[in-house]
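Going by numbering that gives the first Met the number 0, the letters in the sequence shown line up with residues 0 to 117, in that order. All residues carry an ideal CB built from backbone N, CA and C; glycine is no exception. Everything numeric in this text was worked out from a predicted model, so none of it was measured.
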Amino acid sequence: MTYDLAVWEGERPADDRTACQVFSDLYDRYIDSEVEEPPSERIAAYVAALLERWCDLTEDEEDTSPWSTGPLIDCGSGPLICFPVRWSMAEETSARAAAVAESMGLVCFDVQQDRIRP
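If you want it as structure tokens, here you go:
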């Protein structure tokens, strides 16, 4: 079982309902699309910041990575990344992912709970 998070570039939505719509629109356009687009520079920098804390799943020899897929950068497209986290590490990882996103001026969205991460 995994815990999904999404991070994107743009204005922070006013409320969770609006965030759900923004996420859905971005997901349809960038992730669930036949057109492949590389992650933006800001999303690539965000992934790099996360990988400073935890190694990529493809490099995890000690089973310490929280990611459920790898390479993590492959989860990104354009201004959006939507990535799965191992359920057992979801609390710590999602808190860190949200803090890093906020520090970089990105929006972090909890897909499980349909809410913006503070």
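A5 is bridged by DSSP to C81, F108.
Rounded to whole angstroms, R11 and A100 show a C-alpha spacing of 11 angstroms. In the structure shown, the three-state DSSP call for S23 is helix. Looking only at D109, F22, E40, the smallest Cα-Cα distance to G77 is reached by E40. Excluding its 5 nearest sequence neighbours in each direction, P70 has C-beta neighbours in its own chain below 8 angstroms: D55, L56, T57, listed in chain order.
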